[in-house]
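J.: When you line the sequence shown up against the working numbering, it's residues 72 to 463, in that order.
Have a look at this one.
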Amino acid sequence: MEKRYDVTVAGHICLDMIPQFPDSGIKQIAELFKPGKLIQVNAAKISSGGPVSNTGIALKKLGLNVAFMARVGKDEFGELVIQLLKQQGQTEGVSVSDRDKTSYTIAIAPPGIDRIFIHHPGANDHFSSEDLNRKIISQSKLFHFGYPPLMASCYQNSGAELTKIFRIAKLSGATTSLDMALPDPDSPSGQAPWQVILENVLPFVDIFMPSIEEVFFMLDPKKYFQVKNRAGSRDVVDFIDPADYTRLAEQCLRLGSKIVVIKTAHRGVYALTDDLATRADLGAASPHNLDNWSKRELWCPAFRIEKIASATGSGDSAIAGFLAAFIQGYPIEQSLKYSNCVGFQNLHELDAVSGIKSWEQTSTMLESGQLVKIDLSLPGDKWQWSSEFQLW
Numbered sequence: 072m073e074k075r076y077d078v079t080v081a082g083h084i085c086l087d088m089i090p091q092f093p094d095s096g097i098k099q100i101a102e103l104f105k106p107g108k109l110i111q112v113n114a115a116k117i118s119s120g121g122p123v124s125n126t127g128i129a130l131k132k133l134g135l136n137v138a139f140m141a142r143v144g145k146d147e148f149g150e151l152v153i154q155l156l157k158q159q160g161q162t163e164g165v166s167v168s169d170r171d172k173t174s175y176t177i178a179i180a181p182p183g184i185d186r187i188f189i190h191h192p193g194a195n196d197h198f199s200s201e202d203l204n205r206k207i208i209s210q211s212k213l214f215h216f217g218y219p220p221l222m223a224s225c226y227q228n229s230g231a232e233l234t235k236i237f238r239i240a241k242l243s244g245a246t247t248s249l250d251m252a253l254p255d256p257d258s259p260s261g262q263a264p265w266q267v268i269l270e271n272v273l274p275f276v277d278i279f280m281p282s283i284e285e286v287f288f289m290l291d292p293k294k295y296f297q298v299k300n301r302a303g304s305r306d307v308v309d310f311i312d313p314a315d316y317t318r319l320a321e322q323c324l325r326l327g328s329k330i331v332v333i334k335t336a337h338r339g340v341y342a343l344t345d346d347l348a349t350r351a352d353l354g355a356a357s358p359h360n361l362d363n364w365s366k367r368e369l370w371c372p373a374f375r376i377e378k379i380a381s382a383t384g385s386g387d388s389a390i391a392g393f394l395a396a397f398i399q400g401y402p403i404e405q406s407l408k409y410s411n412c413v414g415f416q417n418l419h420e421l422d423a424v425s426g427i428k429s430w431e432q433t434s435t436m437l438e439s440g441q442l443v444k445i446d447l448s449l450p451g452d453k454w455q456w457s458s459e460f461q462l463w
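Right, dumping it as structure tokens:
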């Protein structure tokens with residue numbers, strides 16, 4: 072059956088407000104923010120944000136037919152969010168709540184410093200299976216859901232509502248994918264039983280796409296905080312042993328996911344897959360060449376960038392690159408490269424989507440040979456470099 076939409080992107084939505092900071096050369100956020108200090112900035116960018124917007128619009132710019140599914144309040148912010156989304160895809164799946172306020176985020180993203188978010192969850196906290204447009208999902212090849220840790224209804228009751236959402240999507244015949252966010256450990260989300268939640272939902276998730284910090288925090292919080300403490304003010308990603316990627320990804324496969332793609336910032340993307348050749352339940356976007364996607368463990372290096380404008384939405388962009396290639400039937404090696412390339416594009420602009428190129432332009436970037444890979448230096452007793460595919 073021909074599907075009307077390539078992908079439905081559902082979950083967290085908000086209005087993003089991004090003040091533009093001049094490049095002052097400051098390297099630590101504490102140098103910038105001090106009590107009583109007036110910080111002069113440039114004009115702000117206003118855009119829709121969250122994975123529904125970031126991943127969805129990136130997929131649209133890459134040439135896919137996208138439907139949006141989210142919950143906003145009946146207010147000015149909600150009207151603006153819908154107006155912005157309408158320019159990019161189908162918004163019939165966006166529900167409007169009389170009792171909620173629309174979510175918003177202020178993104179603090181000075182040049183060269185990892186971003187900080189000030190966030191009001193708003194209507195996202197009450198998103199449920201009742202907000203799903205089942206007709207649209209049934210007309211989609213793939214159903215992607217993002218940021219349940221920022222949506223109270225999705226992590227409460229051991230993720231019962233999130234599990235219901237994915238069960239509905241899976242029964243519709245769509246391939247399913249799930250993105251995460253890193254919760255504040257001291258917040259209700261950070262105190263939620265994430266291992267139990269993943270045990271409940273991953274049997275209905277075909278492609279699980281967390282960051283390494285997210286999956287580490289959720290499945291092995293004790294060791295995660297040990298590593299984080301050892302890293303101190305430095306990037307924790309540089310302190311995580313490659314063996315932990317394999318261990319955590321294998322656990323996700325055992326819990327039910329078929330493909331695990333772990334985003335890891337400047338260390339690229341890691342992937343581990345199940346024996347897909349024996350699985351008949353991958354949904355409408357299932358790859359034609361299942362052998363290429365079966366029982367694979369790969370690590371694709373990121374591309375070097377001289378100056379990062381902002382990392383806002385970089386993970387969402389990387390997911391869009393991967394899913395766009397996956398839906399179009401590309402092999403796993405190319406899908407990982409597209410993931411890195413679209414994430415790389417994102418880093419050149421202040422907002423989450425302005426830097427994303429068309430599929431043709433992205434393909435040209437990859438084929439040009441001008442992108443420089445960041446050396447991963449993986450242990451040679453387990454990992455071998457493929458000169459043919461240019462990945463580990």
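Here a beta-carbon is modelled for each residue, glycine too, at the ideal position from N, C-alpha and C.
Predicted, not measured: the structure shown is a model, and the values here were computed from it.
#1: Which full runs of the beta strand (DSSP E) of 3+ residues lie inside the stretch 369-406, going along the chain?
#2: Cα separation between Gln210 and Ser381?
#3: Which one or two residues does DSSP pair with Thr435 in a beta bridge?
#4: Which class does Lys444 belong to by DSSP, given the choice of helix, strand or coil?
#5: Taking only runs that begin and end inside the stretch 182-258, name each unbroken beta strand (DSSP E) of 3 or more residues, in chain order.
#6: Ignore the nearest five residues each way along the sequence and tell me which others in Pro264's own chain have a CB closer than 7 Å to its CB.
#7: With DSSP as the reference, label Phe460 as helix, strand or coil.
#8: May I ask you to report which of helix, strand or coil DSSP gives Ala129?
#9: If you pair each beta-carbon of the stretch 99-116 with each one of the stretch 371-389, do three or more pairs fall below 8 Å?
#10: Looking at the structure shown, is Arg170 part of a helix, part of a strand, or coil, going by DSSP?
#11: Let me check understanding here. Comparing Cα to Cα, which of Gln441, Phe460, Glu431, Asp452 lies closest to Gly134?
#12: Could you please give me the residues that DSSP links to Gln161 through a beta bridge?
#13: Please give the ranges of any alpha helix (DSSP H) in the stretch 277-332, keeping only runs that are unbroken, at least 4 residues long and fully inside the region.
#14: What number of angstroms, rounded off, separates the C-alpha of Gln322 from the C-alpha of Val424?
#15: Beta-carbon within less than 7 Å of Phe460's beta-carbon, same chain only, minus the 5 sequence neighbours each way: which residues are those?
#16: Which partner residues of Gly144 appear in the DSSP bridge assignment?
#17: Flag this pair as yes or no: are the beta carbons of Met280 and Val340 separated by less than 7 Å?
#18: Cα-Cα, which of Lys428, Leu343, Lys293 is closest to Ala129?
#19: Which one of Thr383, Tyr401, Ile177 has the shortest CA to CA distance from Gly414?
#20: Put Val424 into one of helix, strand or coil per three-state DSSP.
#21: Under 8 Å by Cβ, that's how I've got Ile84 and Gly121 pegged, so tell me the actual separation to the nearest angstrom.
#22: I need the straight-line Cα distance from Ile236 to Gly127, nearest angstrom please.
#23: Give the secondary structure of Asp362 by DSSP, where H, G and I count as helix, E and B as strand, and everything else as coil.
#24: Using alpha carbons as the reference points, say which of Glu420, Ser458, Gln455 lies closest to Lys116.
#25: For Glu284, which residues from the same chain have a beta carbon less than 6 Å from its beta carbon, with the 5 sequence-adjacent residues on both sides left out?
#26: DSSP has Gln266 in a bridge; who is on the other side?
#27: Among Ala231, Asp345, Asn271, which residue has its Cα nearest to the Cα of Lys329?
#28: Secondary structure at Val123, three-state DSSP: helix, strand or coil?
#29: Return the CA-CA distance between Arg170 and Gln455, expressed in angstroms with no decimal places.
#30: Smallest Cα separation from Ile89: which of Val443, Thr435, Asp422?
#31: For the alpha helix (DSSP H) containing Ala101, list its first residue and its last residue.
#32: Quick check on Gln91: does DSSP put it in helix, strand or coil?
#33: For Gly451, which three-state DSSP category applies?
#34: Could you check what DSSP says for Leu61 in three-state terms: helix, strand or coil?
#35: According to DSSP, Ser357 sits in a beta bridge with which residue or residues?
#36: Our contact map puts Asn125 next to Ser388 with C-beta atoms below 8 Å; I'd like the distance itself, whole angstroms only.
T.: Put simply:
#1: As far as the stretch 369-406 is concerned, it has no whole beta strand (DSSP E) run of at least 3 residues.
#2: Translated into positions along the sequence shown, residue 210 becomes position 139. Translated into positions along the sequence shown, residue 381 becomes position 310. About 35 Å.
#3: Within the sequence shown, residue 435 is the residue found at index 364, counting from 1. DSSP lists no bridge partner for Thr435.
#4: Here residue 444 refers to the residue found at position 373 of the sequence shown. It is a strand residue.
#5: Runs found: 187-191, 211-217, 246-250.
#6: Sequence index remark: in the sequence shown, residue 264 carries index 193 (1-based). Here the set comprises Ser229.
#7: Sequence index remark: in the sequence shown, residue 460 carries index 389 (1-based). Here DSSP, grouped into helix, strand and coil, assigns Phe460 to coil.
#8: Residue mapping note: residue 129 aligns to position 58 of the sequence shown, counting from 1. DSSP places Ala129 in the helix class (H, G or I) of the three-state scheme.
#9: no
#10: Along the sequence shown, one-based indexing puts residue 170 at 99. Arg170: coil per DSSP, three-state reduction.
#11: In the sequence shown, residue 134 corresponds to position 63, counting from 1. For the residues Gln441, Phe460, Glu431, Asp452, the minimum Cα distance to Gly134 belongs to Glu431.
#12: Residue 161 sits at position 90 when you count from the first residue of the sequence shown. In the DSSP output, where bridge partners are listed per residue, Gln161 has Ala138.
#13: The alpha helix (DSSP H) runs of length 4 or more contained entirely in the stretch 277-332 are, from start to end of the chain, 283-290, 292-302, 313-326.
#14: Numbered from 1 along the sequence shown, position 251 holds the residue referred to as residue 322. Numbered from 1 along the sequence shown, position 353 holds the residue referred to as residue 424. Going from the Cα of Gln322 to the Cα of Val424 covers about 33 Å.
#15: Residue numbering aside, residue 460 sits at position 389 when the sequence shown is read from its first letter. Within the same chain, Phe460 has close Cβ partners Glu404.
#16: Translated into the one-based positions of the sequence shown, residue 144 becomes position 73. Its beta-bridge partners are Ser168.
#17: Taking the sequence shown and counting its residues from 1, one reaches residue 280 at position 209. Taking the sequence shown and counting its residues from 1, one reaches residue 340 at position 269. No, they are not a contact pair.
#18: Mapped onto the sequence shown, residue 129 falls at position 58. That would be Lys428, whose Cα lies nearest to the Cα of Ala129.
#19: Counting from one through the sequence shown, the residue named residue 414 turns up at place 343. For Gly414, the nearest C-alpha among the options comes from Thr383.
#20: Against the sequence shown, residue 424 aligns to sequence position 353. DSSP, reduced to helix, strand and coil, places Val424 outside both helices and strands of the structure shown, so it counts as coil.
#21: Residue mapping note: residue 84 aligns to position 13 of the sequence shown, counting from 1. Residue mapping note: residue 121 aligns to position 50 of the sequence shown, counting from 1. Contact flag correct, Cβ pair sits at about 5 Å.
#22: Within the sequence shown, the letter at position 165 stands for residue 236. Within the sequence shown, the letter at position 56 stands for residue 127. Just so you know, the alpha carbons of Ile236 and Gly127 end up roughly 18 Å apart.
#23: To locate residue 362, count along the sequence shown from 1; it is residue 291. It is helical.
#24: Your numbering for residue 116 matches position 45 in the sequence shown. Per the C-alpha coordinates, the member of Glu420, Ser458, Gln455 positioned closest to Lys116 is Glu420.
#25: If you number the sequence shown from 1, residue 284 lands on position 213. Excluding residues within five positions, the ones whose Cβ falls inside 6 Å are Leu253.
#26: The residue you call residue 266 lines up with position 195 of the sequence shown. According to DSSP, Gln266 bridges with nothing at all.
#27: Looking up residue 329 in the sequence shown gives position 258. Looking at the Cα atoms, Asp345 is the closest of the given residues.
#28: Taking the sequence shown and counting its residues from 1, one reaches residue 123 at position 52. Looking at Val123 - three-state DSSP - the assignment turns out to be helix.
#29: Here residue 170 refers to the residue found at position 99 when the sequence shown is read from its first residue. Here residue 455 refers to the residue found at position 384 when the sequence shown is read from its first residue. Approximately 55 Å, taken between the alpha carbons.
#30: Taking the first residue of the sequence shown as position 1, residue 89 is located at position 18. Ranked by how close their Cα comes to the Cα of Ile89, the residues Val443, Thr435, Asp422 have Asp422 in first place.
#31: Numbered from 1 along the sequence shown, position 30 holds the residue referred to as residue 101. Residues 100-103.
#32: Here residue 91 refers to the residue found at position 20 of the sequence shown. Looking at Gln91 - three-state DSSP - the assignment turns out to be strand.
#33: The residue you call residue 451 lines up with position 380 of the sequence shown. DSSP places Gly451 in coil when its eight states are reduced to three.
#34: Outside the displayed range of the chain (72 to 463) lies residue 61, so it cannot be described from this structure.
#35: For the purposes of this step, residue 357 is taken as residue 286 along the sequence shown, with counting starting at 1. Note: Ser357 sits in no beta bridge, so no partner.
#36: Indexing the sequence shown from 1 puts residue 125 at position 54. Indexing the sequence shown from 1 puts residue 388 at position 317. With 8 Å as the limit, Asn125 and Ser388 qualify as a contact, their Cβ atoms being about 7 Å apart.
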